[in-house]
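Down below is the structure, laid out as structure tokens.
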Amino acid sequence: MTATVSAAPPAGAAAPRARPRPPRRGTLRTWVARGGLTKIAFALPLVFVFGYFAWWPIIDGVAMSMQRTNLVDPPEFVGWSNFSYVLSDPLLPKAIGNTLLFAVLALLIGFPAPLLLATFMAELRGTRRLYSVLAYLPVIIPPVVAVLLWKFFYSPEPTGLFNTVLGWFGAGPFGWLNSAGTVLPAIVVEATWAYFGSTTIIYLAALTAVRRELYEAAEIDGAGILRRTWHVTLPQIRGVVLVMALLQIINTMQVFTEPFVFTGGGPNNASTTILLMIYDYAFIEGDYGAATALSVLLALFLGVVSAVYFAATRRLS
Amino acid sequence: MRTATKRSSALAVLLALTLGVAACGDDGQDDPTRPAADEEVDLDADVTITVGDLPPAAEPEEREFFEGQVEAFMAANPNITVEATEELWDPQTFQAKIAAGDLPDVLAVPFTEAGSLAERGQIAELSQAMDLAGLTADLDPDLVGLVSSEDGGVYAIPTAAQALGLIYNRDLFVQAGLDPDDPPRTWDDVRAAARQITEATGATGFATMTTEGQGGWMLAAGIYSFGGTVENEDGTEATFADEPAAQYLDLLRAMRWEDQTMGSNFLYNAAGLVEDFSAGRVGMFVGFSGLYRPAVIRNEMPAENFGMGPMPVGGDADPTALTGGVIQVVNPDATPEERVAAVKWIDFFYLGQFTDEAVAVAAAQAGAAAGQAVTVPERPAVSQEAYDQYFEWIEPHLNVPVANFETYIQAFGEQTLQPEPAVKAQEVYSELDVVVQQVLTEEGADVDAVLDEAATAVDRLLGR
Amino acid sequence: MSRTYERGAISPADRKSPRVRFWLGLTQALILAGLLVACLGPLLWLFKAALSSSQEIIADPFGMLFDGEFEFGNLARAWTDVRVGDYLLNTAWVVLGSWAATLITCVTGAYVLSVLRPRWGGLLSAAVLATLFIPNIVSLVPLYLTVLELPGPGWRLLDTYWAVWLPHAASAFLVLIVKRFFDQIPPELYEAARIDGAGPVRVLFSIVLPMSRPILGVVSLLTIVASWKDYLWPLLVLPDPDKQPISVALPKVADSFPLDVQMAALFIAVVIPVGLFLVFQRQFLDSAGSAGALKG
Numbered sequence: 114m115t116a117t118v119s120a121a122p123p124a125g126a127a128a129p130r131a132r133p134r135p136p137r138r139g140t141l142r143t144w145v146a147r148g149g150l151t152k153i154a155f156a157l158p159l160v161f162v163f164g165y166f167a168w169w170p171i172i173d174g175v176a177m178s179m180q181r182t183n184l185v186d187p188p189e190f191v192g193w194s195n196f197s198y199v200l201s202d203p204l205l206p207k208a209i210g211n212t213l214l215f216a217v218l219a220l221l222i223g224f225p226a227p228l229l230l231a232t233f234m235a236e237l238r239g240t241r242r243l244y245s246v247l248a249y250l251p252v253i254i255p256p257v258v259a260v261l262l263w264k265f266f267y268s269p270e271p272t273g274l275f276n277t278v279l280g281w282f283g284a285g286p287f288g289w290l291n292s293a294g295t296v297l298p299a300i301v302v303e304a305t306w307a308y309f310g311s312t313t314i315i316y317l318a319a320l321t322a323v324r325r326e327l328y329e330a331a332e333i334d335g336a337g338i339l340r341r342t343w344h345v346t347l348p349q350i351r352g353v354v355l356v357m358a359l360l361q362i363i364n365t366m367q368v369f370t371e372p373f374v375f376t377g378g379g380p381n382n383a384s385t386t387i388l389l390m391i392y393d394y395a396f397i398e399g400d401y402g403a404a405t406a407l408s409v410l411l412a413l414f415l416g417v418v419s420a421v422y423f424a425a426t427r428r429l430s
Numbered sequence: 218m219r220t221a222t223k224r225s226s227a228l229a230v231l232l233a234l235t236l237g238v239a240a241c242g243d244d245g246q247d248d249p250t251r252p253a254a255d256e257e258v259d260l261d262a263d264v265t266i267t268v269g270d271l272p273p274a275a276e277p278e279e280r281e282f283f284e285g286q287v288e289a290f291m292a293a294n295p296n297i298t299v300e301a302t303e304e305l306w307d308p309q310t311f312q313a314k315i316a317a318g319d320l321p322d323v324l325a326v327p328f329t330e331a332g333s334l335a336e337r338g339q340i341a342e343l344s345q346a347m348d349l350a351g352l353t354a355d356l357d358p359d360l361v362g363l364v365s366s367e368d369g370g371v372y373a374i375p376t377a378a379q380a381l382g383l384i385y386n387r388d389l390f391v392q393a394g395l396d397p398d399d400p401p402r403t404w405d406d407v408r409a410a411a412r413q414i415t416e417a418t419g420a421t422g423f424a425t426m427t428t429e430g431q432g433g434w435m436l437a438a439g440i441y442s443f444g445g446t447v448e449n450e451d452g453t454e455a456t457f458a459d460e461p462a463a464q465y466l467d468l469l470r471a472m473r474w475e476d477q478t479m480g481s482n483f484l485y486n487a488a489g490l491v492e493d494f495s496a497g498r499v500g501m502f503v504g505f506s507g508l509y510r511p512a513v514i515r516n517e518m519p520a521e522n523f524g525m526g527p528m529p530v531g532g533d534a535d536p537t538a539l540t541g542g543v544i545q546v547v548n549p550d551a552t553p554e555e556r557v558a559a560v561k562w563i564d565f566f567y568l569g570q571f572t573d574e575a576v577a578v579a580a581a582q583a584g585a586a587a588g589q590a591v592t593v594p595e596r597p598a599v600s601q602e603a604y605d606q607y608f609e610w611i612e613p614h615l616n617v618p619v620a621n622f623e624t625y626i627q628a629f630g631e632q633t634l635q636p637e638p639a640v641k642a643q644e645v646y647s648e649l650d651v652v653v654q655q656v657l658t659e660e661g662a663d664v665d666a667v668l669d670e671a672a673t674a675v676d677r678l679l680g681r
Numbered sequence: 002m003s004r005t006y007e008r009g010a011i012s013p014a015d016r017k018s019p020r021v022r023f024w025l026g027l028t029q030a031l032i033l034a035g036l037l038v039a040c041l042g043p044l045l046w047l048f049k050a051a052l053s054s055s056q057e058i059i060a061d062p063f064g065m066l067f068d069g070e071f072e073f074g075n076l077a078r079a080w081t082d083v084r085v086g087d088y089l090l091n092t093a094w095v096v097l098g099s100w101a102a103t104l105i106t107c108v109t110g111a112y113v114l115s116v117l118r119p120r121w122g123g124l125l126s127a128a129v130l131a132t133l134f135i136p137n138i139v140s141l142v143p144l145y146l147t148v149l150e151l152p153g154p155g156w157r158l159l160d161t162y163w164a165v166w167l168p169h170a171a172s173a174f175l176v177l178i179v180k181r182f183f184d185q186i187p188p189e190l191y192e193a194a195r196i197d198g199a200g201p202v203r204v205l206f207s208i209v210l211p212m213s214r215p216i217l218g219v220v221s222l223l224t225i226v227a228s229w230k231d232y233l234w235p236l237l238v239l240p241d242p243d244k245q246p247i248s249v250a251l252p253k254v255a256d257s258f259p260l261d262v263q264m265a266a267l268f269i270a271v272v273i274p275v276g277l278f279l280v281f282q283r284q285f286l287d288s289a290g291s292a293g294a295l296k297g
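Protein chains in written order, with our numbering: chain A, 114 to 430; chain B, 218 to 681; chain C, 2 to 297.
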């Protein structure tokens, strides 16, 4: 979860107050008496969990990307050779292209829908809860279950569910997951379906904090409903929208479950993403060095994307 | 079965490619996979072994049978406790489990794994244990050779072998006006039959697995059937970017795009393909005889509709069938006593029916009563004589229409039996999946370019 | 989502205009229809598919809806043979443990960083913050190796639920939002308690925790949803089928059953969480909304 720290405090909370620092000097005895041991005891869970499952793996990951190891023989330092091996993989450009295309499609298909829906739902009286519950239903379904269900919907036969519907309008039948051209959009549509509910609820919560006076001001200026929405509502939730967009980009760049369960990366690698490549390196080929090298590259790239994004959006606002 | 046994010439090839283990410089001295020769092995000590391949609860009859066998084994060997787990070989996670040393004491794996497992010391050497356990089965020496090193180390016990062949729906054959007792023998025949099936019934004429490495496996079978190869003998280089592979892919391309007889699903794993096959939506595919079980037992395809013929022959190549099979391997951490117990279990559970008429008949009876397939003809892991003998014993309990496998069985005598690629076979198969998928989903794909690309990828893999 | 409806972009005056009312009503109806088809539709379809035979589902996925046949045997098989119930229990266990581990880590950690404030607190805080900026993909493989053999004690966590619970708890984001919330609590409150002789443990339980219910709700929701949806990690570290949660187990076992039983299994896997959601939807949706506000 790469979230922002520049977040505003929860509404209504008081600003943090400065607290007096404990005096600096003291003997071991006074340290204990002041509760030094208690502090350490309270810090233990955090240090243990982060030490083993966050800090160490990150350091080890960077180290492993320059090692060759099969977990049987002792690891051997190989410098940059894992990186050059990964970078020269003929599959890499394709996986990068797929991953980027996935992210872009997810933005195009999956980004506007929740925003529009939430903006509309914010105007509802009385039935808002019904809409929220309905929109949230797909979020509750385990992603793998949703994928298995949609896999059936995407049957390439003319009698497949979606092909039947399209058949009523004289279109299709399409190959869906079985065709290199449609496989990524098909997966993105499913992913959008599965996740739009949670984004909608987040936008809706942000919209309830919109300042009402501005509407009246706009109204007096003669702005119609749509103009009010465009000029008053949306600018006020821009912060949330921008952060959600970044989170979505970062998450879709690390997409795994959907392509893995839908197609395993096929057909013809048309849905192979970078994470699938990492998985294959590590857990099919047992090439842990190559896997971590590619992970490090992806992480660096995501870091750069976040930095650029923040710089760009800061200038915007 | 009652067939000629002229197959040893083929197995010479198997032997030639056998285990790099031999060359891999273990002098037997400080090899952790072997117990020291002078160590006392106490055959009466209490031991506990874990064995994999317990059928999941999804298959209650088979599970019950397995558990019953475990009971019977423990009754016969009071000092041995067997704990059965559902652990099974899965290409997606096997590497990780191996790395983790997380295998049961006994596990069934494909032949293809033997080489690399033995080379890395990840499976136990068993010759001493086999002697001490008094392994009685008359194992096919050629197959044992496949899992042995040059200095006589035996790293696994083969328990089943298969030669791939053409599986077909006899009912669709009849509907299409084809003779169900005379399946296509050449790929040209297959193509014509596929056209006839699709034309007459609307079903997919011929389909192939394409995912999870199974697509690559079937592609390899196709390449061999045209006289090609996949890897060179040392397993250092891809050798499939040549004429035979191109011919096979061109055939697939023609069936897919010109004849339109390959249907619309090009992301099949074995389970998915068998599901459609059992529902009468696929006429033919290449597979192994064991697929009879999911087709007929699980998916309730009428048994008489399941037919199997020999692997089709491509062009003017010699008839060649890719063989695979199952070997039982033992965890290298097992003590000598546990190894003996493991071998005894393997002998009892997998091979007992080939040496003991009572066991064979009891197993067949129990299987038939539980609604299992008794029994699907395979390429035997024991000698042909023992296998024929076994079929005689269980004749009255057979519920599989063995006659529908007649052409498949007869062909054993005429075919070259081709072993799987010796090095990183599963990884290579994964790469080859893509080749099949590309030809089937991309109209006008350039077969030669596709093969070159895949060969580059496989070379990288093998060179790593 | 407050119960009092303040005005939005549409003013009360607008709502009286027939034109606005028409368009509003129409949009409302269309969106409702869309949501019903898209969100409820698949579940209803799945319900009927779970009660139909494989042939019907394949041959005519819509006609099957109205043929009036109900095969309850599918559900029984999905329950007893596919063991969906067991896998759901495993999932519940995964979720529960992750939730507890995360809550303990976040609360004690944030308490140290925000309230106890030892001299090394700044360093610790920075170390936690640093992981926030590093995408966790870097640590996928090394994390797996850590689970195989914990450096130091050498424990092997593979195939134990610890392997899922503990990595979930190492979430910098959650620790930091709890810390930020603790920061807002007026320090006078626990100064007073301390003067009354309350130790740090009592301050935590009697003052800090009772005041932190909203943030604990948000952390709980985020953890529960994340571990509920997790797939890759449990796939890697829980190879034993008897321990796997539903997400990991279902794609594998689905292959060995006929389609109708698969559908019944999917249906059970869906209907139980959906039922729970409908019961607790208010808490769910409110927490989900404030979780988003925190991310913003």
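Glycine residues also receive a C-beta, built at the ideal position from the N, C-alpha and C atoms.
**OP:** Could you spell out the range, first to last residue, of the beta strand (DSSP E) harbouring Gln635 of chain B?
**Re:** Translated into the one-based positions of the second sequence, residue 635 of chain B becomes position 418. Residues Thr633 to Gln635.
**OP:** Decide if Gly452 of chain B is buried, meaning its Cβ has at least 16 other Cβ atoms within 10 Å, or exposed.
**Re:** Within the second sequence, residue 452 of chain B is the residue found at index 235, counting from 1. Buried is the call here.
**OP:** Return the chain-ordered list of same chain residues with a C-beta closer than 7 Å to the C-beta of Ile59 of chain C, the five sequence neighbours on each side being excluded.
**Re:** In the third sequence, residue 59 of chain C corresponds to position 58, counting from 1. Excluding residues within five positions, the ones whose Cβ falls inside 7 Å are Leu260.
Subject >> Identity of the residue in C:Arg16, C:Gly290 and C:Phe48 nearest Leu268 of chain C by Cα >> reply: The residue labelled residue 268 of chain C in the question sits at position 267 within the third sequence. Residue identity differs from the one stated: residue 268 of chain C is Phe in this sequence, not Leu. Taking only the C-alpha atoms, the option nearest Phe268 of chain C is C:Phe48.
Subject >> Nearest to Trp263 of chain A (by Cα), restricted to the options A:Gly164, A:Pro225, A:Phe166 and A:Val296 >> reply: In the first sequence, residue 263 of chain A corresponds to position 150, counting from 1. That would be A:Val296, whose Cα lies nearest to the Cα of Trp263 of chain A.
Original post:
Which same chain residues, not among the five before or five after Pro242 of chain C, have their C-beta less than 7 Å away from its C-beta?
Top reply: Looking up residue 242 of chain C in the third sequence gives position 241. Answer for Pro242 of chain C: Ala250, listed in chain order.
**OP:** Output the residue ranges of the alpha helix (DSSP H) runs that lie fully inside the region 164-240 of chain A and measure 4 residues or longer, sorted by chain position.
**Re:** 169-177, 194-200, 204-223 and 225-234
Original post:
Tell me, which residues are paired with Ile32 of chain C by DSSP?
Top reply: On the third sequence, residue 32 of chain C is found 31 positions in, with the first residue counted as 1. Bridge partners of Ile32 of chain C: none, in fact.
**OP:** Locate the alpha helix (DSSP H) running through Pro461 of chain B, then write down its first and last residues.
**Re:** Taking the second sequence and counting its residues from 1, one reaches residue 461 of chain B at position 244. Start and end: Glu460 to Arg470.
**OP:** With a threshold of 16 other CB atoms inside 10 Å of the CB of Asp244 of chain B, please say whether the residue is buried or exposed.
**Re:** Taking the second sequence and counting its residues from 1, the one referred to as residue 244 of chain B is at position 27. Summary for Asp244 of chain B: the model assigns pLDDT 37, below 50, so the residue's position carries little reliability; its value from the coordinates is reported in the next sentence. Exposed, because fewer than 16 other Cβ atoms sit within 10 Å of the Cβ of Asp244 of chain B.
Subject >> Sheet register partners of Ala378 of chain B (DSSP bridge) >> reply: Stepping through the second sequence from its first residue, residue 378 of chain B is reached at position 161. Note: Ala378 of chain B sits in a beta bridge opposite B:Gly542 and B:Arg596.
Original post:
For the candidate residues C:Pro188, C:Ala164, C:Ala131 and C:Ala93, whose alpha-carbon lies nearest to that of Ala173 of chain C?
Top reply: Along the third sequence, read from residue 1 onward, the residue named residue 173 of chain C stands at position 172. Considering only alpha carbons, the answer is C:Ala131.
Original post:
If we ignore side chains and look at the alpha-carbon of each, how far apart do Gln627 of chain B and Val640 of chain B end up?
Top reply: Start at 1 with the first residue of the second sequence, and residue 627 of chain B comes out as number 410. Start at 1 with the first residue of the second sequence, and residue 640 of chain B comes out as number 423. Cα-Cα distance, rounded: 30 Å.
Original post:
Taking contact to mean at least 3 C-beta pairs separated by less than 8 Å, is the region 521-532 of chain B in contact with the region 499-512 of chain B?
Top reply: yes
Original post:
Applying a beta-carbon distance threshold of less than 9 Å, which residues of chain B neighbour Ser257 of chain C?
Top reply: To locate residue 257 of chain C, count along the third sequence from 1; it is residue 256. For Ser257 of chain C, the chain B residues whose C-beta falls within less than 9 Å of its own C-beta are Pro273, Ala275, Glu276, Ala488, Pro511 and Arg515, listed in chain order.
**OP:** Since I believe Phe373 of chain A is in contact with Leu347 of chain A (beta carbons under 8 Å), could you give me their beta-carbon distance rounded to a whole number of angstroms?
**Re:** By 1-based counting over the first sequence, the position of residue 347 of chain A is 234. By 1-based counting over the first sequence, the position of residue 373 of chain A is 260. At roughly 36 Å, the Cβ-Cβ gap does not stay under 8 Å, so Leu347 of chain A and Phe373 of chain A are not in contact.
Subject >> Cα-Cα separation between Val83 of chain C and Ile273 of chain C, rounded to whole angstroms >> reply: For this step, residue 83 of chain C is matched to residue 82 along the third sequence. For this step, residue 273 of chain C is matched to residue 272 along the third sequence. Going by the C-alpha atoms only, they are around 16 Å apart.
Original post:
What residue range is occupied by the uninterrupted beta strand (DSSP E) comprising Gly332 of chain B?
Top reply: Taking the second sequence and counting its residues from 1, the one referred to as residue 332 of chain B is at position 115. Not the beta strand (DSSP E): Gly332 of chain B falls in the alpha helix (DSSP H), residues Ala331 to Glu336.
Original post:
Would Glu336 of chain B be called buried (16 or more neighbouring beta carbons within 10 Å of its own) or exposed?
Top reply: Stepping through the second sequence from its first residue, residue 336 of chain B is reached at position 119. Buried is the call here.
Subject >> Host beta strand (DSSP E) of Glu300 of chain B (start-end) >> reply: Looking up residue 300 of chain B in the second sequence gives position 83. Taken as a continuous stretch (DSSP letters only), the beta strand (DSSP E) holding Glu300 of chain B covers Ile297 to Ala301.
Subject >> The alpha helix (DSSP H) enclosing Gly504 of chain B, as first and last residue numbers >> reply: As a working note, residue 504 of chain B is residue 287 in the second sequence. Careful: Gly504 of chain B lies outside any alpha helix (DSSP H), inside the beta strand (DSSP E) at Val499 to Gly504.
Original post:
Taking the alpha carbon of Leu568 of chain B as the point to measure from, which residue in B:Val599, B:Val557 and B:Asp676 has its own alpha carbon closest?
Top reply: Here residue 568 of chain B is taken as the residue at index 351 of the second sequence, counted from 1. It is B:Val599.
**OP:** Per DSSP, which residues does Glu448 of chain B bridge with? Please list them.
**Re:** Your numbering for residue 448 of chain B matches position 231 in the second sequence. Paired residue(s): B:Ala455.
Original post:
Can a CB atom of chain A be found closer than 8 Å to the CB of Phe278 of chain C?
Top reply: Working through the third sequence from its first residue, we reach residue 278 of chain C at position 277. Closer than 8 Å: yes.
Original post:
Taking C-beta to C-beta, are Lys152 of chain A and Pro119 of chain C nearer than 8 Å?
Top reply: The sequence position of residue 152 of chain A within the first sequence is 39, counting from 1. The sequence position of residue 119 of chain C within the third sequence is 118, counting from 1. With contacts defined by Cβ atoms closer than 8 Å, Lys152 of chain A and Pro119 of chain C form a contacting pair.
Original post:
If you measure from the beta carbon of Trp229 of chain C to each beta carbon in chain A, is any gap under 8 Å?
Top reply: For the purposes of this step, residue 229 of chain C is taken as residue 228 along the third sequence, with counting starting at 1. Yes, Trp229 of chain C counts as interfacial toward chain A.
Original post:
Quick one: is the Cβ of Ala628 of chain B within less than 7 Å of any heavy atom of the ligand SAM?
Top reply: The ligand content of the structure shown is nil, which means the ligand SAM is not present either.
**OP:** Kindly confirm or deny that the region 647-654 of chain B and the region 398-405 of chain B touch, where touching means at least three C-beta pairs closer than 8 Å.
**Re:** no
Original post:
Using a C-beta cutoff of 8 Å, does Ala60 of chain C count as contacting chain A?
Top reply: By one-based count along the third sequence, residue 60 of chain C stands at place 59. Judged by the 8 Å Cβ criterion, Ala60 of chain C is in contact with chain A.
Original post:
Opposite Thr267 of chain B in the DSSP bridges: which residues?
Top reply: Walking along the second sequence from the start, residue 267 of chain B turns up at place 50. Answer by DSSP bridge pairing, in chain order: B:Glu300.
Original post:
CA-CA distance, Ala253 of chain B and Ala603 of chain B?
Top reply: Residue 253 of chain B sits at position 36 when you count from the first residue of the second sequence. Residue 603 of chain B sits at position 386 when you count from the first residue of the second sequence. Because the pLDDT of Ala253 of chain B is 49, which lies under 50, any placement of that residue in the model is unreliable, and the question is left without a value.
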